[in-house]
Amino acid sequence: GDEKNDNWIFSLAVLLSSTLVYNSLGTIDNNALEKLQYPSAGQQLAINKSEKAKREASERENRAMEEQLEVQERLRADHQRTYEENVNQLMERMKRDSRNAIADYDRVLQARLREQNDLLQQGFDDRAHQMQREIDALKGAKAEEEQKTPSFMNTALDTVGTAATLFLPGIIPKVGGMAVKWLPKWF
Numbered sequence: 475g476d477e478k479n480d481n482w483i484f485s486l487a488v489l490l491s492s493t494l495v496y497n498s499l500g501t502i503d504n505n506a507l508e509k510l511q512y513p514s515a516g517q518q519l520a521i522n523k524s525e526k527a528k529r530e531a532s533e534r535e536n537r538a539m540e541e542q543l544e545v546q547e548r549l550r551a552d553h554q555r556t557y558e559e560n561v562n563q564l565m566e567r568m569k570r571d572s573r574n575a576i577a578d579y580d581r582v583l584q585a586r587l588r589e590q591n592d593l594l595q596q597g598f599d600d601r602a603h604q605m606q607r608e609i610d611a612l613k614g615a616k617a618e619e620e621q622k623t624p625s626f627m628n629t630a631l632d633t634v635g636t637a638a639t640l641f642l643p644g645i646i647p648k649v650g651g652m653a654v655k656w657l658p659k660w661f
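Everything in the sequence shown is counted per my numbering, starting at 475 for the first residue and increasing by one.
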């Protein structure tokens, strides 16, 4: 298959046959032997052109592979950035919702306290005691919400960390995902 090897094989075959012929005559022509061993100028030019074409094709292929790797790295970085933005937005939304829930508890609690105070001043003790129970229940619900917030954050961080380790390519996102997953356990 290879032109260079074919030339060498042909040259060796000619050399062998000519050696046998010359040996039978008892004489070997060194000039003829050198011509058979080395490719001619035309053959060398063809060999050089072929090698140059192979090198150029290899270089083009390497450049194409490098460009493809760069595109893949940009896509991975874009996915990572989008993922991190989405996680940050989710965390902010959860914090905002928790703050809003606590503020709602405070508003209702203040309204109930005012209503209880008004009832006490008007002499409705039974209704005031019922209001006290409702106020205590609201305080308990508020405290539970405040305690649930870190727990909810821990659960969210654990979920985000697990998703990062499972779905993001590369070692750095996986290590980061594992760190986010273990972060709630430290605090």
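In this text, a Cβ means the ideal position worked out from N, Cα and C, and glycines have one as well.
First and last residue of the alpha helix (DSSP H) that includes residue i?
i, result
"Ser524", "515-596"
Just how far apart, CA to CA, sit residue i and residue j?
i, j, result
"Ser492", "Ile521", "25 Å"
"Leu594", "Ile576", "27 Å"
"Ser572", "Glu589", "26 Å"
"Lys526", "Asn562", "54 Å"
"Asn560", "Glu547", "20 Å"
"Arg570", "Leu564", "10 Å"
"Gln604", "Gln554", "54 Å"
"Asn591", "Gly614", "20 Å"
"Ile609", "Gly597", "18 Å"
"Leu543", "Arg537", "10 Å"
"Glu533", "Lys523", "15 Å"
"Asn574", "Arg601", "29 Å"
With distance defined between alpha-carbon atoms, name the residue in the options nearest to residue i.
i, options, result
"Ala585", "Leu612, Asp600, Arg567", "Leu612"
"Gly519", "Phe598, Ala551, Lys478", "A quick correction: the sequence has Leu, not Gly, at residue 519. It is Lys478 whose Cα lies nearest to the Cα of Leu519."
"Gln517", "Lys528, Ala531, Glu530, Ser485", "Ser485"
Report back the beta-carbon spacing between residue i and residue j to the nearest angstrom; my notes put them in contact at under 8 Å.
i, j, result
"Leu462", "Lys616", "Absent from the model: residue 462. The displayed extent of the chain is 475 to 661, so no value can be given."
"Glu619", "Tyr579", "7 Å"
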